[in-house]
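Enquirer: Sequential numbering of the sequence shown, starting at 1, is according to the working numbering.
Dropping the structure in here first, questions after.
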Amino acid sequence: MIVPVWVSSVSNPGTERLVYALLDTQSDTVFIDQELSNSLQQGSEPEPSTNTSMIVPVWVSSVSNPGTERLVYALLDTQSDTVFIDQELSNSLQTETHPVRLKLTTMTGKDALMHSQRVSGLRVRGYSSAIHIDLPPAYTKDCIPVNRTHIPTCDTARHWNHLIKIADEVPPQLECEVGLLIGYNCSRALAPRQVILGGNSEPYAVQTDLGWSIVGCSSPHHNSPSITNMCHRVSVRELPPMTPAEALRVLESDFKDANKDGKTVSQDDIRFLDVLKEGIKRNIHGHYEMPLPFKERPYLPDNKQLAMVRLSHLKRKLAKDDKYKEHYVKFMDEIIRKGEAEEIQDQGKEGEKWYIPHHGVYHSKKPDKLRVVFDCSAKYRGTSLNDHLLSGPDLNNLNGVLLRFRQHHVALMCDIEKMFTSSTCMKLTETIYVNGNFNAEPQEFRMKVHLFGAASSPGCANYGLKQLATDNEKNVNDAIQLAHEARKLCVTGGLRLHKFMCNDKSVLESIPPSERAAEVKALDLVFKDVTLERALGIHWHIDSDTFRFRLCLKDQPGPATRRGILSTVASLFDPLGFVAPFLLTGKRVLQEMCRHGTGWDDPLPSELQPVWERWKNDLANLEKIIIPRCYVPPGFGRVVRKELHHFSDASTCGYGQCTYLRQVNEDEKIRIGDPGVKRIQTLNTQTREQLSLSDHLSKFSSWSKATQAVARLIRRVRHDKSTDHSTVQEREDARCIIIRDLQRHAYPEEVKLLSKVTQLPSQSKLFQMDAFLDQDGLLKVGGRLKNASLPTSLKHPVIIPKSHPITKAIIAHSHEKVQHQGKGLTINEIRWILRSNGFWILGINRAVATHLHQCVTCRKLRRFTEEQGMADLPCERVDPSPPFTYCGMDCFGPFFTKQGRKVQKRYGLLFTCLCCRAIHIEMLDDMSTDAFINGLCCFIAIRGAVRDIKCDQGTNFVGAKNELNEALKQLDADRLTTFLAEKQCDFSMNSPHASHAGGVWERQIRTVRDVLRSTLSPSSGRLDDASLRTFFYEAAAIVNSRPLTVDNLNDPDSPEPLTPNHLLTMKPTAALPPPGRFIREDMYARKRWRRVQYLAEQFWGRWRREYVYNIATRQRWHTPRRNLEVGDIVMEKTEDQPRNKWKLAKVVETVTDKDGLVRRVKICVGDQKIGKEGQRSGKPSIVERPVQKLILLLETV
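Structure, rendered in structure tokens:
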């Protein structure tokens, strides 16, 4: 509780101050602000006493396990906003917990971070009460800091006359701990039901639903000074859980500051970290075991055949080179001896083994050392092991390591022996080995370690090394001798540090000779013969403790080509940017070759030949460059101040940045270090002004933010360090500066001329506007409205180009101010913006229309659904085939029939021939799968064999009622498919919500409904099942009599119109017409079958001439449109919801038809339901939709 009070001292009652006081019933101490204390005269201190507080005994339990109750004391704290529970109490209640991080703010004003667990579903009741109170989510704590002497008892009540009457209701001291702290977020537990007040300095009693408590002095005769004072003012805020990005930053931790490049962690990196975090463990030998981080658990084919072929190639190479064979056998035998591979005793499960080919390679710097590489990228049947492995994030920052390597005078370097194979692998792979005996049967071994050649091995090794440092962080941080402690630490993780190199002789003397580098193993440790040592790709001269460059360029026969130049430029490894200015010239040559479209093996153009030769000849001078390794030179003394000075610039040749380290020692001597990295520009050339101004301004997402940023920059230029919000005048000045710089970039000639003359030449594109420069140097429209009584912003608007990023920001700002209305209102707002600086944009109509077309909000509100060119008709529609060989199927209804007094629902099952448009209708008793199959059986029995049946997916039948939709959901599509497969019939369904794909049968349903409506109207309510079935057949006969073509209906000389019945009434038993030629004379032949075939041939001839050509034209969707692509953001149209409720989705897969157009896509739709913790309650779902149900909001880049 916080109330205003007047405060004064006893010795100076005339001086009073009005302050706000925090009334804490749980504190036994009065705290006062230091400034207030100084303004009041101090008087005598009151006599201290022992106090009691609002602490009551309660029974606590959980909603999930109400039978288990624990008796504890609960502290009712009116100044804490959270409920805390003792950790042991939470464990004893066996409640469900969730790990969280908390930020605690206490009376001291300091914030503390702590790890806790959130507990939900707790409830309490008073010591002698049966009323339960549900507690809000609580947080666990090791202990509740409460002094047990503050617990009121019945003896406390008996000491005071006004409290004697409640002495029997306050329990005595109980043998239980303080296990709960209940804050004011559970107001019911703290709400007073009755209060008994006393006199001055006397305690008062408060009754809550949890019982009586006494607040104040515990005894009128006890006046011993209080030794411990308690104050429970606590404010708690739950921090969000650590994201994978934060976990990755902890693992990277090369620098203290966070990575601010804006990059996010990929889903593959998150998966990699999760797999290793859950699967890493130590075995009995101290080695780390880590699983293979698969993307998804793969089913691998048996690639033993590939492995045997690769083994035969290896045998031939071993037979030709005895040295290669000796080193190879030695390496493999060592792997087997160390237990890194074991001979296979069982073949394992199918799909879970993979044979890995291997081969040996020599390092160019170590010709006598062979390393066997396991080829995990070898493909078999289109897949390889590396295709299924996650490579993981880059956990080592090379620049960070090198920068730290330069910090101190003494530098130490070493190597981890066989780092990859030092961590074992719980998911095993297999390899084949011949053991040097070519005549023996090859042996199969299972690899037990991470392999040199697997995509995941570098990430797993780095993760294991950082995990080793994390598990032993205290030993590392407290180590006095880094080399010895690091060796001991790595030994605990099964790693061996060797090849130590140091620029200090005393350090090397402390390291055993066997662990030193080969160059310094001699006892005298003389550096004279030691020249250069490679340190992460950089050559380190140990004797002089400097960095140098050594070039080993390959001789390239013939003229220089783009491929050879790239190889030469890339051979200079310079991660710290020591020679970046020199490399810029070589990169410029490559850039010019790319700009001219030079091929990889085309010779260097003649105009670039002198530049390249001069640069190549200068390469030898790089070996003369010497850079001190340590930032602090010897004898400089202790550095008391370090400063980093950054410089950057841009030109038409390149853009770069360099950093200088400025150090000051105790004697105020200054030393400036070497510069940092420079970079080359991209192929898109820009002017200096663009590189320095436009690139910065285009990064702002809105016009308001750009003006605010420039306003703050102006304030800094004026040496104004205030942090208040920018004023209206400051923003107006910022707008003038931005527009003035924009005009000088867009119209440099016009601005230059108008600064000298008053009129532009007629050749200028601004001539008709009568442009002029105002007093602020802004280029404005003169026009013919000088005498109009209009604001200046309308008479003389500011001229700006239409395609500049700032112009686009102004258009977006104006468009948002008019609440995303149309082009006219947006243009009016631009010309009237801020009533002081209207803008005249050249080509404003086109610019505004382009922005409105790209505006995501406008697309949400008004954009039409996507369209795509109509697909070609399938062959089933345009090739002759017997009736009902290819069918479309749909349901309609329900219809009501009577059986006695009972009303039944019946449905119609419609089959449409895709070729001749004939229909067949069966009646269904209900919408069960069995009834559906019975209808199919009747149809096939009457119409003959069917080759393919197509239908819509159940929930989107056009014209069906809601109850039909619900009934169709219950159909078992798998049973239908199995039944039709037995009949040698394919069963396929269109995409969901794509009713237009089944237009053939959808149109027939409407025709049938029209016939049934007129047929059934006289007998409404009096139908039985037999009558309805009869009506269905009659309706089918009527529909089958309709003409397929209407071109010659009014011509008396033309034959009768072609109808489906012409074919149905003479359908033969054969699937297709028999071979042979049938002529008119067959009409009068005795062989009736030839007469039937002649009539059928006449039908198909007229069908081709009169019907097929009528369906050739596209009725809509004539023009192909842009294909939806993976990554596009779309909005899914839902018929039964308003537009503002339509869901956002992301395209994750496209289905391309034969003509190259995308008409169906798979989209990822997120769950819109948000749980209590602010997280989505369900996982995203992947659904298939036609493009006609999607609205494109944002195209992928």
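A virtual CB, placed ideally from N, CA and C, is assigned to each residue, including glycine.
The structure presented is a predicted model; accordingly, all values stated were derived computationally and were not measured.
1) Count Cβ pairs between the segment 152-161 and the segment 203-216 that sit closer than 8 Å; are there 3 or more?
2) Spatial neighbours of Pro244 within its chain, please: C-beta separation below 8 Å, excluding the five flanking residues on both sides.
3) Tell me the rounded alpha-carbon separation between His159 and Lys165.
4) Do you know offhand how far Arg862's Cα is from Met1131's?
5) Can you tell me where the alpha helix (DSSP H) with Thr807 in it begins and where it stops?
6) Taking one C-beta from the segment 1056-1064 and one from the segment 908-918 each time, how about it: are there three or more such pairs within less than 8 Å?
7) What does DSSP give as the partner residue(s) for Met989 in the beta ladder?
8) What separation, rounded to the nearest whole angstrom, lies between the Cα atoms of His541 and Ile627?
9) When the Cα atoms are used, what is the spatial distance from Ser722 to Val710?
10) Please state whether DSSP places Tyr1033 in a helix, a strand or coil.
11) Whole angstroms are fine: how far does the CA of Asp925 sit from the CA of Phe932?
12) Per the DSSP calculation, Cys891 is bridged to which residue(s)?
13) Give the range of the alpha helix (DSSP H) segment to which Thr568 is assigned.
14) Starting from the C-beta of Thr1007, find all residues in its chain whose C-beta is less than 7 Å away, skip the five residues before and the five after it, and write them out in chain order.
15) Give the range of the beta strand (DSSP E) segment to which Val83 is assigned.
16) Under three-state DSSP, which class holds Glu441?
17) Quick check for students: name the residue ranges of the beta strand (DSSP E) that lie wholly in the segment 167-199, counting only runs of 3 or more.
18) Report yes if the CB atom of Val56 is closer than 9 Å to the CB atom of Gly121, and no otherwise.
19) Taking the beta strand (DSSP E) that Arg125 belongs to, which residues open and close that run?
20) Could you say which of Pro880, Ile196, Lys808 and Thr929 lies nearest to Val846 if we only look at CA atoms?
21) Would you say Gln854 and Val1187 are within 9 Å of each other, going by their C-beta atoms?
22) Report yes if the C-beta of Thr383 is less than 8 Å from at least one heavy atom of the ligand NAD; otherwise report no.
23) Using 10 angstroms around the beta-carbon of Tyr288, count the other beta-carbons present and answer buried if the total reaches 16, otherwise exposed.
24) Given 8 Å as the limit, is there contact between the segment 374-391 and the segment 608-619, that is, 3 or more CB pairs closer than that?
25) Write down the C-beta distance between Ala746 and Pro801 rounded to the nearest angstrom, noting that I regard them as a contact closer than 8 Å.
26) Could you give the C-beta distance for Glu340 and Val449, rounded to a whole number, given that I count them as a contact under 8 Å?
27) Starting from His358, trace the beta strand (DSSP E) both ways and give me its first and last residue.
28) So is Tyr299 buried or exposed if we call it buried at 16+ other beta carbons inside 10 Å?
29) Residues bridged to Val1151 by DSSP?
30) What would DSSP say about Leu1192, mapped onto helix, strand or coil?
31) Just to confirm, is the Cβ distance from Leu1194 to Val856 under 9 Å?
32) Alpha carbon to alpha carbon, how far is Met889 from Cys951? Give it in angstroms, no decimals.
33) For His99 versus Gln87, is the C-beta spacing smaller than 9 Å?
34) Have a look at Val83 and Met54 and give me their C-alpha separation to the nearest angstrom.
35) In whole angstroms, what separates the C-alpha of Val1165 from that of Arg1185?
36) Look up Lys902 in the DSSP assignment and give the residues it is bridged to.
Expert: Per the coordinate set shown:
1) yes
2) Low per-residue confidence applies at Pro244: pLDDT is 48, beneath 50, and the placement is therefore not dependable, though the value from the model is reported in the following sentence. These residues qualify, in order along the chain: Val265, Asp269, Ile270, Leu273 and Asp274.
3) 11 Å
4) 12 Å
5) Pro805 to Lys817
6) yes
7) Cys951
8) 10 Å
9) Near 15 Å, if we compare the C-alpha coordinates of Val710 and Ser722.
10) helix
11) Spanning the two alpha carbons is a distance of roughly 9 Å.
12) Leu909
13) Arg562 to Ala570 is the span of the alpha helix (DSSP H), which, as asked, contains Thr568.
14) Val1039
15) Val83 to Asp86
16) coil
17) You should have 178-182 and 194-196.
18) no
19) Leu122 to Gly126
20) Contrary to the premise, residue 846 reads as Arg rather than Val in this sequence. With distances taken between Cα atoms, Arg846 lies closest to Lys808.
21) With a cutoff of 9 Å on beta-carbon distance, Gln854 and Val1187 are scored as not near each other.
22) Absent from the structure shown: the ligand NAD. Ligands present: none.
23) buried
24) no
25) Right, their Cβ atoms sit about 4 Å apart.
26) With a Cβ gap of about 5 Å, Glu340 and Val449 count as contacting.
27) His358 to His363
28) exposed
29) Arg1160
30) strand
31) yes
32) 5 Å
33) It is worth fixing the name first, because residue 99 is Pro in this sequence and not His. No, the Cβ-Cβ distance between Pro99 and Gln87 is not below 9 Å.
34) 15 Å
35) 11 Å
36) Gln899
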